[in-house]
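Engineer: For the sequence shown, the positions run 4 to 264 when the UniProt record's numbering is used. Note that CB positions come from ideal geometry on N, CA and C, so glycine has one too. For clarity, every value in this text was computed on a predicted model and none was experimentally measured.
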Amino acid sequence: LLEGHIALITGSTSGIGLAIARRFAREGAKVMLNGFGKPEDIARVRAEIGAEMGLAEAPYSPADMSKPPEIRAMVASCVASLGACDILVNNAGVQHVSPVEDFPDDQWERVIAINLVSNFHAIKAALPAMKAKGWGRIINVSSAHGLVASPFKTAYVAAKHGVMGLTKSVALEVARTGVTCNAICPGFVRTPLAEAQVKPLAEKHGVSEEAALTDYLLERQPTKKWVEVEEIAEAAAYLAGPNSGSVNGTALSVDGGWIAQ
Ligand code: NAD
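(1) By the 10 Å Cβ neighbour count, where 16 or more other Cβ atoms means buried, how is K207 classified, buried or exposed?
(2) Among W229, G168 and R29, whose alpha-carbon lies nearest the alpha-carbon of F123?
(3) Excluding the 5 residues flanking I262 on each side, which residues of the same chain have their C-beta closer than 7 Å to its C-beta?
(4) Exposed or buried, what is K227 when buried is set at 16 or more other beta-carbons lying within 10 Å of its beta-carbon?
(5) Using the three-state DSSP reduction, which class does C88 fall into: helix, strand or coil?
(6) Which residue from V232, C88, N246 and P225 puts its Cα closest to that of Q264?
(7) Just confirm the distance between the C-beta atoms of L242 and I142, as a whole number of angstroms; I'd bet it's less than 8 Å.
(8) Can you tell me where the alpha helix (DSSP H) holding K33 begins and where it ends?
(9) Quick one: residues in its chain with C-beta nearer than 7 Å to the C-beta of A24, no 5 flanking neighbours on either side, listed in chain order?
(10) By the DSSP assignment, the beta strand (DSSP E) with N122 in it spans what residues?
(11) What first and last residue would you give for the alpha helix (DSSP H) that runs through A254?
(12) Taking the alpha carbon of D105 as the point to measure from, which residue in N246, T157 and I90 has its own alpha carbon closest?
(13) In terms of alpha-carbon separation, which member of A186, E43 and G181 lies closest to N118?
(14) State the start and end residues of the unbroken alpha helix (DSSP H) segment that holds A238.
(15) For A50 and A59, what's the separation of their Cα atoms in angstroms?
(16) Please list the terminal residues of the continuous alpha helix (DSSP H) segment that includes T16.
(17) Is the CB-CB distance between N93 and S121 below 8 Å?
(18) Let me make sure I understand the geometry here. Which of G248, S249, L216 and Q200 has the alpha-carbon closest to that of S101?
(19) Count the other C-beta atoms from every protein chain shown that fall within 10 angstroms of the C-beta of P189, then say buried if there are 16 or more, exposed otherwise.
(20) Does DSSP put A10 in a helix, a strand or coil?
(21) Just to check my reading of the structure: G137 and G181 have Cβ atoms closer than 8 Å, yes? What is that Cβ distance to the nearest angstrom?
(22) Are there 16 or more other CB atoms within 10 angstroms of the CB of S84, so buried, or fewer, so exposed?
(23) Cα-Cα, which of T217, L130, L5 and R140 is closest to V250?
(24) What did DSSP end up calling V182 once you bin it into helix, strand or coil?
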């Protein structure tokens with residue numbers, strides 16, 4: 004499906020990004036990884052994805068998505084080492100949960116920088132070559148929280164709503180160029196980022212972790228089940244693939260029915 008394409012996937016050392024990297028490599032794309040983690044874990048992931056691509060290890064950029072010069076360098080190094088960057092998946096993201104009046108300023112800045120501003124800088128850096136080639140795919144991993152809100156997640160909800168505006172605006176700009184720009188809006192997906200929210204909820208409400216999951220975290224996810232990372236990778240493969248050229252500026256929800264309510 005993705006033979007001949009070069010994909011740069013931010014935040015691909017864990018969770019959703021890693022599942023997308025696995026899937027894209029299996030579909031024949033050359034993939035550049037990015038994200039944090041223990042050196043031995045990153046080495047393992049690079050070897051695993053590399054094997055899928057017939058390389059000793061997958062190319063990797065340690066760029067910090069809160070630092071625009073590093074984002075620009077990451078895109079440049081993808082082009083330099085793999086020859087192009089025609090699929091960009093803006094996936095890196097972080098969460099901070101706090102009432103708005105106590106929300107630490109530095110956490111607000113961090114969540115907005117990584118979850119929203121980085122998407123702008125990566126798109127800005129990658130788009131000229133996509134346009135020149137007459138083909139490109141920009142996929143922003145947003146959230147159900149890009150479409151509806153929850154309390155105590157002001158920075159995250161603001162950032163993800165911002166991603167939706169960015170997605171739509173870029174989609175209009177690229178509409179005649181062979182490039183598309185879309186967002187995936189997952190509900191709660193079984194990853195370290197979401198699983199970390201279960202224990203604090205159990206403690207806050209004095210219930211078991213099982214009850215905290217279904218009654219509180221998944222309160223508005225009608226299936227009462229985690230979305231699995233492979234389901235998000237499937238959506239990304241569709242949006243990156245050859246049969247989605249008319250899908251542009253849209254939100255693809257994979258959320259167990261959350262925003263149907
Ligand atoms: P995760 O914590 O498993 O992975 C996040 C990835 O981002 C990791 O590779 C991490 O190293 C990387 N990262 C974090 N800060 C970074 C930085 N400054 N620079 C570069 N990389 C950085 O999380 P996940 O659940 O897989 O989340 C991936 C995306 O999916 C995020 O944008 C998140 O908001 C979104 N999302 C997740 C869920 C969910 O329930 N898990 C739901 C909706 C949306």
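Structural biologist: According to the structure shown:
(1) Walking along the sequence shown from the start, residue 207 turns up at place 204. For K207, the number of other beta carbons within 10 angstroms of its own is below 16, and it is reported as exposed.
(2) Translated into the one-based positions of the sequence shown, residue 123 becomes position 120. Of W229, G168 and R29, the residue nearest in Cα terms is G168.
(3) Here the question's residue 262 lines up with position 259 in the sequence shown. Contacts found: A147, L150, V151 and S256.
(4) Translated into positions along the sequence shown, residue 227 becomes position 224. Its Cβ having fewer than 16 others within 10 Å, K227 is exposed.
(5) Stepping through the sequence shown from its first residue, residue 88 is reached at position 85. Judged by DSSP in its simplified three-state form, C88 adopts coil rather than helix or strand.
(6) If you number the sequence shown from 1, residue 264 lands on position 261. In terms of CA proximity to Q264, P225 leads the group V232, C88, N246 and P225.
(7) In the sequence shown, counting from the first residue as 1, residue 242 sits at position 239. In the sequence shown, counting from the first residue as 1, residue 142 sits at position 139. Right, the Cβ-Cβ distance comes to about 5 Å (below 8 Å), so this counts as a contact.
(8) Here the question's residue 33 lines up with position 30 in the sequence shown. Note, K33: premise wrong, no alpha helix (DSSP H); beta strand (DSSP E) at K33 to N37.
(9) Position 21 of the sequence shown, counted from the first residue, corresponds to residue 24. For A24, where only same-chain residues beyond five positions count, the Cβ hits under 7 Å are I12, S15, V34, L36 and I52.
(10) To locate residue 122, count along the sequence shown from 1; it is residue 119. Counting along the chain, N122 falls outside any beta strand (DSSP E), though it belongs to the alpha helix (DSSP H) covering S121 to K136.
(11) Along the sequence shown, read from residue 1 onward, the residue named residue 254 stands at position 251. Counting along the chain, A254 falls outside any alpha helix (DSSP H), though it belongs to the beta strand (DSSP E) covering A254 to V257.
(12) Taking the first residue of the sequence shown as position 1, residue 105 is located at position 102. Measuring from the Cα of D105, the nearest candidate turns out to be T157.
(13) Counted from its first residue, the sequence shown places residue 118 at position 115. Closest option to N118, judged by alpha-carbon separation, among A186, E43 and G181: A186.
(14) The residue you call residue 238 lines up with position 235 of the sequence shown. For A238, the enclosing alpha helix (DSSP H) has its first and last residue at V232 to A243.
(15) Here residue 50 corresponds to residue number 47 of the sequence shown, with the count starting at 1. Here residue 59 corresponds to residue number 56 of the sequence shown, with the count starting at 1. Their Cα atoms are separated by approximately 6 Å.
(16) The residue you call residue 16 lines up with position 13 of the sequence shown. Segment: none, T16 is in no alpha helix (DSSP H) and carries neither H nor E.
(17) By 1-based counting over the sequence shown, the position of residue 93 is 90. By 1-based counting over the sequence shown, the position of residue 121 is 118. In contact: N93 and S121 (Cβ atoms closer than 8 Å).
(18) Working through the sequence shown from its first residue, we reach residue 101 at position 98. Per the C-alpha coordinates, the member of G248, S249, L216 and Q200 positioned closest to S101 is Q200.
(19) Reading the sequence shown from its first residue, position 186 is the one you call residue 189. Buried is the call here.
(20) Walking along the sequence shown from the start, residue 10 turns up at place 7. Here A10 sits in strand by DSSP.
(21) Counted from its first residue, the sequence shown places residue 137 at position 134. Counted from its first residue, the sequence shown places residue 181 at position 178. About 4 Å; that satisfies the 8 Å criterion.
(22) Translated into positions along the sequence shown, residue 84 becomes position 81. Within 10 angstroms of the beta-carbon of S84 lie fewer than 16 other beta-carbons, which makes it exposed.
(23) Along the sequence shown, one-based indexing puts residue 250 at 247. Relative to V250, the option among T217, L130, L5 and R140 whose CA is nearest is R140.
(24) To locate residue 182, count along the sequence shown from 1; it is residue 179. Annotated three-state conformation of V182 is strand, per DSSP.
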